[in-house]
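**Student:**
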Amino acid sequence: MAEKMILRAGTPDDDNRDYLPEEILGTDIVVNENGNNSHPWSPKLKEFHDTLDGFEGTWYEYVPESYDPAKKVPLVISLHGGVMTGWGQFAYSSWSMLADKEGFIVAYPNAHANRFWAMLNNPDYDAFFKGKSIGEFTIPKFPEKIEDDYDAQFLNALITHLSKKYNIDTDRIFMQGMSNGCGMTNLFARFFGGRLAGAACSAGPGSIKWLVDEKGGLINAGGPLDMWESHPEFNGSLGMTTAKQETQNVRESRYYWLKINECAPVPQIAIDGEDNYAFFSGKKADYTFLDIKNRDHGQTLDEAFLYWDYFFANAKRNSKGGVDTGETSIPRKGDANAAAFEPGVAKVWWHNQVKELSQAPLKWQKLKYHGLNGGQKVRGEYTMVPAKFLAEMAGGEYLSSKDTLTAEIRLPDGRTCQFARGSIGCLIDDSLRSMYCEALHRNGELLVSVEWFVKCILNMQTSWCNDVLYVTDHFAELSFFMADLIKCLFKDRVLPADWHELGKNLGENSPEKD
Numbered sequence: 449m450a451e452k453m454i455l456r457a458g459t460p461d462d463d464n465r466d467y468l469p470e471e472i473l474g475t476d477i478v479v480n481e482n483g484n485n486s487h488p489w490s491p492k493l494k495e496f497h498d499t500l501d502g503f504e505g506t507w508y509e510y511v512p513e514s515y516d517p518a519k520k521v522p523l524v525i526s527l528h529g530g531v532m533t534g535w536g537q538f539a540y541s542s543w544s545m546l547a548d549k550e551g552f553i554v555a556y557p558n559a560h561a562n563r564f565w566a567m568l569n570n571p572d573y574d575a576f577f578k579g580k581s582i583g584e585f586t587i588p589k590f591p592e593k594i595e596d597d598y599d600a601q602f603l604n605a606l607i608t609h610l611s612k613k614y615n616i617d618t619d620r621i622f623m624q625g626m627s628n629g630c631g632m633t634n635l636f637a638r639f640f641g642g643r644l645a646g647a648a649c650s651a652g653p654g655s656i657k658w659l660v661d662e663k664g665g666l667i668n669a670g671g672p673l674d675m676w677e678s679h680p681e682f683n684g685s686l687g688m689t690t691a692k693q694e695t696q697n698v699r700e701s702r703y704y705w706l707k708i709n710e711c712a713p714v715p716q717i718a719i720d721g722e723d724n725y726a727f728f729s730g731k732k733a734d735y736t737f738l739d740i741k742n743r744d745h746g747q748t749l750d751e752a753f754l755y756w757d758y759f760f761a762n763a764k765r766n767s768k769g770g771v772d773t774g775e776t777s778i779p780r781k782g783d784a785n786a787a788a789f790e791p792g793v794a795k796v797w798w799h800n801q802v803k804e805l806s807q808a809p810l811k812w813q814k815l816k817y818h819g820l821n822g823g824q825k826v827r828g829e830y831t832m833v834p835a836k837f838l839a840e841m842a843g844g845e846y847l848s849s850k851d852t853l854t855a856e857i858r859l860p861d862g863r864t865c866q867f868a869r870g871s872i873g874c875l876i877d878d879s880l881r882s883m884y885c886e887a888l889h890r891n892g893e894l895l896v897s898v899e900w901f902v903k904c905i906l907n908m909q910t911s912w913c914n915d916v917l918y919v920t921d922h923f924a925e926l927s928f929f930m931a932d933l934i935k936c937l938f939k940d941r942v943l944p945a946d947w948h949e950l951g952k953n954l955g956e957n958s959p960e961k962d
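Put into structure tokens, the structure is as follows:
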């Protein structure tokens, strides 16, 4: 029987500025940084060192008290980031807590050299990594061939070893990694994905230059695989990439798995607080993209639970060598009542589809200029949308005057909203209310601030990021790279025929400034 989960108290070290404080090991000390939040060490975490199939290494095992050798259990391999350790990955992830709940076993291996996983075939090594150090650790040279990748071969041997040591369900082996560990997880999935039922990565989108051969074909020997890629919104703040480079890396890394898994290009999009999800369904396997609002490089403490609840809870290899995701604990569905707009683009994200608008939304500024001697101040900026579509959003009826200068929206609850060109007023039944700004008349129809209409009339919420406005009926904070995905959906550029198209229209915005 699985154990009851308990959130254990720790002793905060708020003055710490180390990437991985060594005093965490064996103590209840916890640290909290916007990329990494830890939980206390547990005596159930055991260290091992051995030579497996000729590959020497160190790893840590977490076996829940509920483990019964007579019953098969899943296995999770969790990989640390650069300059970290297996025990550090235990502290900065919640796999052990989830293992107590679900009864599976977790292993946290150490990278072989200088606390860095050797990521194969990295054409950016000389530009980004050669001769560079993080703290006291120099980034090692990456091998050219998978046969020479010590870390990948050791991970293979470790999976075999643990599958013999414990009663592991070999159809339910998962791998997850953060940052450098994300890169290693991706590499392992590309070459040995057939050993896994699913993989998850955080904070490590890779350029497609790593993922294609000399002829431009996608490198993959492991086959399709359920893949999850988490991306902290401020991931590029480490300084290794610009906002443009980070955006392109996110697009390219996502493109790779969408192609391998033969996914449809239009996902289900759901935003829950600061978590921005895009669920893609594939013919051969599925893919999940998570962009985390206001988060720096690292992994969130709850990510293991998200992987499990949305993806891995019932995933397993089938008899044909493929993957069955099964029924997930939380449905992989998009927001049922949400819309997204990009000024200048005559399309809307509505009911998890791209829909044409009668004209493009535009940004409109509310100005103060009286008493400023010809100057002006911007007091507000709003997204002006065809009132006819706002009626559709409300499930109401749109009635326009013959000259199109006035219009009514008749709402399902019996209220009537009347608008007029140039007026900031809205007649709601027989009472006048001021909107955020005046109604506009463009191309023969009225435009109204969607922010005002959905908040004041429909009691919904809005979030603005990276030139995209997201509207929904619950608390949701649109993130920078989810906004970029929505832009790509509007331009039909999520899965272009030529992956070189992914580098177009990257824009000048930055999550640090948005």
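Read in order, the letters of the sequence shown correspond to residues 449 to 962 in the numbering used here. Idealized CB from N, CA, C, for every residue including glycine.
So, with DSSP's three-state summary, where would you put Gln824?
**Tutor:** Gln824: coil per DSSP, three-state reduction.
**Student:** Would DSSP call Ile525 helix, strand or coil?
**Tutor:** If DSSP states are grouped into helix, strand and coil, Ile525 belongs with the strands.
**Student:** Three-state secondary structure (DSSP) at Trp489?
**Tutor:** Coil at Trp489, not helix or strand.
**Student:** Between which two residues does the alpha helix (DSSP H) containing Gly629 stretch?
**Tutor:** Residues 628-640.
**Student:** Measuring CB to CB, does Leu926 end up less than 7 Å from Cys936?
**Tutor:** Not closer than 7 Å, so no.
**Student:** Could you give the uninterrupted runs of the beta strand (DSSP E) lying entirely in the region 636-722, keeping only those of 3 residues or more?
**Tutor:** Fully enclosed beta strand (DSSP E) runs of 3 or longer: 646-650, 675-682, 716-720.
**Student:** Determine the contact status of Gly654 and Phe622, defining contact as a CB-CB distance below 7 Å.
**Tutor:** No.
**Student:** Mark Leu738 as exposed unless 16 or more other C-beta atoms lie within 10 angstroms of its C-beta, in which case mark it buried.
**Tutor:** Buried, because 16 or more other Cβ atoms sit within 10 Å of the Cβ of Leu738.
**Student:** Does the region 742-760 come close enough to the region 835-842 to have 3 or more Cβ pairs within less than 8 Å?
**Tutor:** Short answer: they don't touch.
**Student:** Span of the alpha helix (DSSP H) holding Asn615?
**Tutor:** Note, Asn615: premise wrong, no alpha helix (DSSP H); not H, not E.
**Student:** Determine, using beta carbons only, whether Asn484 and Tyr540 come nearer to each other than 7 Å.
**Tutor:** For Asn484 and Tyr540, yes; Cβs fall inside 7 Å.
**Student:** If contact is defined by three or more beta carbon pairs under 8 Å, each pair taking one atom from either stretch, is the region 504-522 in contact with the region 484-496?
**Tutor:** Verdict: yes, contact present.
**Student:** Please classify Thr920 as buried or exposed, where buried requires at least 16 neighbouring CB atoms within 10 angstroms.
**Tutor:** Buried, because 16 or more other Cβ atoms sit within 10 Å of the Cβ of Thr920.
**Student:** I'd like the ranges of any beta strand (DSSP E) spanning at least 3 consecutive residues and lying wholly in the region 811-870.
**Tutor:** Runs of the beta strand (DSSP E) inside the region 811-870: 825-834, 845-848, 854-858, 864-868.
**Student:** Tell me, please, which residues DSSP counts as bridged to Lys975.
**Tutor:** Absent from the model: residue 975. The displayed extent of the chain is 449 to 962, so no value can be given.
**Student:** Assuming contact is defined by CB atoms lying nearer than 7 Å, are His966 and Tyr598 in contact in what I supplied?
**Tutor:** The question about residue 966 has no answer, for the chain in this structure spans 449 to 962.
**Student:** Would you please state the rounded distance, in angstroms, between the beta carbons of Trp565 and Met632? I believe it to be under 8 Å.
**Tutor:** Indeed, because the Cβ distance is near 4 Å, the residues count as touching under 8 Å.
**Student:** For Asn412, which residues from the same chain have a beta carbon less than 7 Å from its beta carbon, with the 5 sequence-adjacent residues on both sides left out?
**Tutor:** Since the first residue shown for the chain is 449 and the last is 962, residue 412 is missing from the structure and cannot be characterised.
**Student:** What is the rounded straight-line gap between the Cα of Ser526 and the Cα of Thr695?
**Tutor:** Using only the alpha carbons, I get a separation of about 26 Å.
**Student:** Bridge partners of Cys913, per DSSP?
**Tutor:** Cys913 is bridged to Val916.
**Student:** How should Ala518 be labelled, buried or exposed, when 16 other C-beta atoms within 10 angstroms of its C-beta is the threshold for buried?
**Tutor:** That one is exposed.
**Student:** Excluding five sequence neighbours on each side, which residues of the same chain lie with their C-beta closer than 8 Å to the C-beta of Thr776?
**Tutor:** Here the set comprises Asp757, Tyr758, Phe759, Ala761, Asn762.
**Student:** Determine the direct distance from the alpha carbon of Ala842 to that of Lys811, and round the result to whole angstroms.
**Tutor:** The alpha-carbon atoms of Lys811 and Ala842 are separated by roughly 22 Å.
**Student:** So, is Asn880 buried or exposed, given that buried needs 16 or more other C-beta atoms within 10 angstroms?
**Tutor:** This sequence places Leu at residue 880; Asn is not what is there. The residue is exposed, with fewer than 16 neighbouring Cβ atoms inside 10 Å.
**Student:** Please report the straight-line C-alpha distance between Gln963 and Ala788, rounded to a whole angstrom.
**Tutor:** What the structure shows of the chain is the stretch from 449 to 962, and residue 963 is not part of that stretch, so it cannot be assessed.
**Student:** What residue ranges within the region 724-797 form continuous alpha helix (DSSP H) runs of no fewer than 4 residues, ordered along the chain?
**Tutor:** The qualifying runs are 751-755.
**Student:** Any idea if Ala726 is buried or exposed, counting beta-carbon neighbours within 10 angstroms, 16 or more meaning buried?
**Tutor:** Buried is the call here.
**Student:** List the DSSP bridge partners of Lys494.
**Tutor:** Partner(s): Glu509.
**Student:** Going by DSSP in three states, Ala605 sits in which element: helix, strand or coil?
**Tutor:** DSSP places Ala605 in helix when its eight states are reduced to three.
**Student:** Please list, in chain order, all residues of the same chain as Arg890 whose beta carbon is under 6 Å from its beta carbon, the five residues on each side excluded.
**Tutor:** Contacts found: none.
**Student:** Here's the rule: buried if 16 or more other CB atoms are within 10 angstroms of the residue's CB, otherwise exposed. What is Phe590?
**Tutor:** When all chains shown are included, Phe590 counts as buried.
**Student:** Go ahead and pull the three-state DSSP assignment for Tyr884.
**Tutor:** Correct three-state label for Tyr884: coil.
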